[in-house]
Amino acid sequence: MPIFSQSSSDTVNDQGADLSVSLHLIPHLALGKVGRACVRLFFPRLYGSEPKPITQDHRRQLYNLCIREAVRVVVPDSLARWPVSYDAAFKLYQDRQGLLHMGALDISVMDMARFNTEFRDRLEEIPDFRDSFYLHEVRGTKGSHGHDGTELLDRNISLDDLCQFLYTDLIDPSEWWIDVGYEISYPDHVLQWLEVAHTQMVKVCLPKSVPGAAERLVNGKRFKVDRTSLLGDFAGFRVQPKTAGRNDSIVYLHAYTTDKCATYQLHSGAFRRHFPSDLLPMNMKGLLRDVQQISSVFGDCSQNETQVPGCTRLEVRATLSTSREHLTELPDGFLEEAVVALPAEQWWAYRFYRVAALHYVFRELQVASSQSRMWKQSLGLGAIAVWMLNGMIFRQGEDNIEIV
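Residue numbers for the sequence shown follow UniProt numbering, beginning at 1 and rising by one.
Structure representation (structure tokens):
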């Protein structure tokens, strides 16, 4: 559920006044994890005009005085499995290179309520931990509950299956957030959103917004356009609608395409964001190796036997209480105006040849003389080529403006 910087907010009391603050600005940490669900603990007392970071001393207090003491009271029989202190745990989990390899410690379901009471009582005894609260996050569920979006029964069954872990009688659905997505596919083709249809797409997502709200949103500073592969006509978007989404209980809109899955990495590999510093002689060999791998993947995606199609996806982040109402149907003619279908072979071949051309540029810079590499023209060419390489992997606008 929510990515903090792009979703909900919470109320924090600052010098007697209540402030609505984006969740990601409130110091927090991960407390526990079960499957794909993560429980985060937030500390509003650490928030301020200059938020206090969560220090090692805070973590030490949290474990030594709160977590372990609650375990000692509630489940004393299992205390032997818990490290004697935070410092002891740190030494236990750290290898000779300084990397941490952390294990997991469980608390049974039948003991959880008592543990929570003991744990929270101890949190309140520490000034920086007072008024803390939990946020429950479930991620990585996209695609696990696919269904026919035109069928009401299928939608309801899929949502009920996704939320089966929730005790609905104990939660307020208006305080929970969920991403509702509409995915469009066409066999053997890569689909792309058209930038000219952004206003219409916003209207589809926010049917209850006041007249003119969609136009103002698209033309506003919060509206982030994500162009694809340096092509001006093909673009998705991201935006927090704020007041424009209030009538629909929506806090975030996102339009994107799934062809990025071919280059998406959780680690820093060949498909990382590159920088002009990669053009330095000691880094050039690695840059050429990365570009070779990128072009190889694009080439494989274009082959008839392994062609990779691409879908368009439109998502809204809404309250759980209204989640069954969103993106249930598209207006007539919407797909013809908002989506373009490209043969998969042509799409990936375009990206392959563009990256192959950049590989040629980088190789020529590598073999050029030291003097010619220092020319302003050479420096500018190299920096622009790196920017173009990033544009073939990342969406322009995904991050802050790149300075060349």
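Yeah, the Cβ is synthetic: ideal placement off N, Cα and C, and Gly gets one too.
In this text the structure is predicted, and so the values were computed from the model without any measurement.
| query | result |
| --- | --- |
| Residue 294 - containing alpha helix (DSSP H), residue span | 281-302 |
| Where residue 359 sits in the DSSP three-state scheme | helix |
| Contacts around residue 126, its chain only, beta-carbon distance under 8 Å, and the 5 residues preceding and following it disregarded | 61, 65, 66 |
| Beta-carbon spacing of residue 82, residue 75 below 7 Å | no |
| Integer Cβ distance of residue 191 from residue 257, believed to fall under 8 Å | 7 Å |
| Cβ neighbour criterion (16 or more within 10 Å) applied to residue 156 | exposed |
| Span of the beta strand (DSSP E), counted from its first residue to its last, around residue 261 | Unbroken run through residue 261: none, as it is neither H nor E. |
| Beta-carbon proximity list for residue 262, same chain, < 7 Å, skipping 5 on both sides | 297, 301, 308 |
| Under 7 Å between C-beta atoms of residue 391 and residue 365 | no |
| Residues bridged to residue 317 (per DSSP) | 179, 252 |
| Secondary structure of residue 38, DSSP reduced to three states | strand |
| C-beta contact flag for residue 395 and residue 226 at 7 Å | yes |
| Whether residue 162 touches residue 189 by CB criterion (7 Å) | no |
| Inter-stretch contact at 8 Å, needing at least 3 Cβ pairs: the segment 332-347 / the segment 261-279 | no |
| Residue environment, residue 177, which counts as buried when at least 16 other CB atoms sit within 10 Å | buried |
| Residue from 118, 79, 42, 63 whose Cα sits closest to the Cα of residue 136 | 42 |
| Segment limits, beta strand (DSSP E) that includes residue 341 | 339-343 |
| Secondary structure of residue 71, DSSP reduced to three states | helix |
| Best match in 370, 164, 150, 173 for proximity to residue 183 [C-alpha to C-alpha] | 150 |
| Reduced DSSP category for residue 105 - H, G, I as helix; E, B as strand; rest coil | coil |
| DSSP state of residue 323 mapped onto helix, strand, coil | helix |
| Simplified DSSP state of residue 234, which is helix, strand or coil | strand |
| Residue 27, buried or exposed, once every other Cβ within 10 Å from all chains shown has been counted against 16 | buried |
| Backbone CA spacing between residue 223 and residue 314 [nearest angstrom] | 15 Å |
| Distance between residue 57 and residue 111 (C-alpha atoms, nearest Å) | 28 Å |
| For residue 331, the nearest candidate out of 294, 170, 84, 205 (CA to CA) | 205 |
| Nearest to residue 124 (by Cα), restricted to the options 101, 45, 245 | 45 |
| Continuous alpha helix (DSSP H) assignments of at least 4 residues falling wholly in the segment 148-179 | 152-162 |
| Separation of residue 93 from residue 100, as counted between CA atoms | 5 Å |
| For residue 203, three-class secondary structure by DSSP | helix |
| Given residue 236 as reference, the closest of 79, 372, 201 once Cα atoms are compared | 201 |
| Closest Cα partner of residue 273 within the set 294, 30, 327 | 294 |
| Residue burial classification, residue 121 (beta-carbon count within 10 angstroms, cutoff 16) | exposed |
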